[in-house]
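Trainee:
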Amino acid sequence: MGLGEASARGTSMEGDCLSCIKYLMFVFNFLIFLGGSFLIGVGVWVVVDPTGFREIVAANPLLFTGVYIILAMGGMLFLLGFLGCCGAIRENKCLLLFFFMLILIIFLAELAAAILAFIFREHLTREHFTKELKMHYQGYNNTDVFTSTWNAIMNTFDCCGVNSPEDFEESFFRLINRGEVVPEACCRRNNHVGEAGFTNREECLTGSMLFRNNKGCYSAVVDYFELYIYVAGALAIVVLTIELFAMVFAMCLFRGIQ
Numbered sequence: 003m004g005l006g007e008a009s010a011r012g013t014s015m016e017g018d019c020l021s022c023i024k025y026l027m028f029v030f031n032f033l034i035f036l037g038g039s040f041l042i043g044v045g046v047w048v049v050v051d052p053t054g055f056r057e058i059v060a061a062n063p064l065l066f067t068g069v070y071i072i073l074a075m076g077g078m079l080f081l082l083g084f085l086g087c088c089g090a091i092r093e094n095k096c097l098l099l100f101f102f103m104l105i106l107i108i109f110l111a112e113l114a115a116a117i118l119a120f121i122f123r124e125h126l127t128r129e130h131f132t133k134e135l136k137m138h139y140q141g142y143n144n145t146d147v148f149t150s151t152w153n154a155i156m157n158t159f160d161c162c163g164v165n166s167p168e169d170f171e172e173s174f175f176r177l178i179n180r181g182e183v184v185p186e187a188c189c190r191r192n193n194h195v196g197e198a199g200f201t202n203r204e205e206c207l208t209g210s211m212l213f214r215n216n217k218g219c220y221s222a223v224v225d226y227f228e229l230y231i232y233v234a235g236a237l238a239i240v241v242l243t244i245e246l247f248a249m250v251f252a253m254c255l256f257r258g259i260q
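By this note's numbering, the letter at position 78 of the sequence shown is numbered 80, and the numbering carries on one by one without gaps.
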């Protein structure tokens, strides 16, 4: 009787442990499901956002590619969260194994993306953007994607150049627009209700500091999106941690199912 009671008690404890793992896995997979939904929302917002972030992304091919990577990863996490929840509740070993393999691949891909972002971080520096601006910005050719993108950024954030208006010195823009010190996109506009146009376009184009925007776009954009950058980084760490726990629980549940 003693051995039977001990065996029954052990079986009961194993069952309780398995049940706990099952519900913990469900919770973690539901969080992954929500994380995937969030990434899809961020990707769609960046693609369709009319307030200027789309232009910033388009200015750099790495960022532009990153947006679609975010959308793809969000879609996969959305699907995996759903599969993981179903596999945990139904205790389906095939679903659990499929879930584990896919989330392992995604986990490794996210780590690779983080490493690549670190390696190519120099493409997001002031020096890189300044060099590109000096070499390729034309001023008024809106058929050129690079030029139209920078015009949109400077108009949206009321800024001029990467660091300051001095970035246009010895630039391709000055070469093809010899009578102008800064482009029209750098000129201040009337802020009064009912008024449109520039404060003084002619004085601005000749370099007057009173009628142009003097803040660099790099600082303006970083200041505007600083909070979002920190939140995105924190969420990325949280998502990776959740994925790691989900893999552990999936394997434990897989091994525990008879």
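Glycine included, C-beta positions come from ideal geometry on N, C-alpha and C.
If you count every other CB in all the chains shown that lies within 10 Å of the CB of Glu197, and 16 or more means buried, which is it?
Mentor: Residue placement at Glu197 is poorly supported in this model, since its pLDDT is 48, which falls under 50; the coordinates still yield a value, given next. So Glu197 counts as exposed.
Trainee: Given a cut-off of 8 Å on the beta-carbon distance, is the pair Leu246 and Leu98 in contact?
Mentor: Taking 8 Å as the Cβ cut-off, Leu246 and Leu98 do not qualify as a contacting pair.
Trainee: Drop a sphere of 10 angstroms on the beta-carbon of Asn143, count the other beta-carbons inside from all chains shown, and report buried for 16 or more, exposed for fewer.
Mentor: By the 10 Å Cβ count, Asn143 comes out exposed.
Trainee: From which residue to which residue does the alpha helix (DSSP H) around Lys217 run?
Mentor: That residue, Lys217, is in no alpha helix (DSSP H); it is neither H nor E in DSSP.
Trainee: Considering just the uninterrupted stretch of the alpha helix (DSSP H) at Arg203, what are its terminal residues?
Mentor: Start and end: 203-207.
Trainee: Rounded to the nearest angstrom, what separates Asn202 and Ser210 at their Cα positions?
Mentor: Whole-angstrom Cα-Cα distance: 9 Å.
Trainee: Taking 8 Å as the cut-off, decide whether the C-beta atoms of Leu82 and Phe109 are in contact.
Mentor: Not a contact, by the Cβ cut-off of 8 Å.
Trainee: For a quick check, are the C-beta atoms of Ile105 and Gln140 less than 8 Å apart?
Mentor: In this structure, Gln140 does not lie closer than 8 Å to Ile105 by Cβ.
Trainee: What three-state label does DSSP hand Cys96 in the structure shown?
Mentor: DSSP places Cys96 in helix when its eight states are reduced to three.
Trainee: With a threshold of 16 other CB atoms inside 10 Å of the CB of Trp152, please say whether the residue is buried or exposed.
Mentor: Buried is the call here.
Trainee: What does the alpha-carbon distance come out to for the pair Tyr226 and Cys219?
Mentor: The alpha-carbon atoms of Tyr226 and Cys219 are separated by roughly 10 Å.
Trainee: Buried or exposed, going by whether 16 or more other CB atoms sit within 10 Å of the CB of Val195?
Mentor: At Val195, the pLDDT of 43 sits below 50, so the modelled position is not reliable; the number obtained from the coordinates is stated separately. Exposed: under 16 other Cβ atoms inside 10 Å.
Trainee: Let me know the secondary structure DSSP gives Arg190 once reduced to three states.
Mentor: Coil, per DSSP.
Trainee: Taking the straight line between their C-alpha atoms, what separation do you get for Gly76 and Glu205?
Mentor: Near 49 Å, if we compare the C-alpha coordinates of Glu205 and Gly76.
Trainee: Measuring alpha carbon to alpha carbon, tell me which residue in Thr149, Thr145, Ile121 is nearest Glu261.
Mentor: Any answer about residue 261 is impossible in this case: the structure gives the chain only from 3 up to 260.
Trainee: Hey, out of Ala238, Ile23, Val164, whose CA is closest to Asn215's CA?
Mentor: Closest option to Asn215, Cα to Cα, is Val164.
Trainee: Under the DSSP definition of a beta bridge, which residues are partnered with Phe109?
Mentor: Partner(s): none; Phe109 has no beta bridge.
Trainee: Just to confirm the assignment, what range does the alpha helix (DSSP H) spanning Asn153 have?
Mentor: 147-159 is the extent of the alpha helix (DSSP H) around Asn153.
Trainee: Apart from the five residues on each side of it in sequence, which residues of its chain come closer than 6 Å, Cβ to Cβ, to Gly37?
Mentor: Cβ within range, chain order: Leu79, Val241.
Trainee: Tell me whether Ile72 is buried or exposed, calling it buried when 16 or more other Cβ atoms sit within 10 Å of its Cβ.
Mentor: The residue in question, Ile72, is buried, as its Cβ has 16 or more Cβ neighbours within 10 Å.
Trainee: CB Ile34 to CB Gly86, shorter than 8 Å?
Mentor: Yes. Within cutoff.
Trainee: For Ser39, which residues of its own chain have a beta-carbon under 8 Å away from its beta-carbon, when the five flanking residues on both sides are left out?
Mentor: Same-chain partners within the cutoff: Gly76, Phe80.
Trainee: Taking the continuous alpha helix (DSSP H) assigned at Thr132, which residues delimit it?
Mentor: It spans 128-138 - the alpha helix (DSSP H) in which Thr132 sits, taken as one unbroken run.
Trainee: What are the boundary residues of the alpha helix (DSSP H) that includes Phe174?
Mentor: Looking at the DSSP string, the run of the alpha helix (DSSP H) that includes Phe174 is 174-178.
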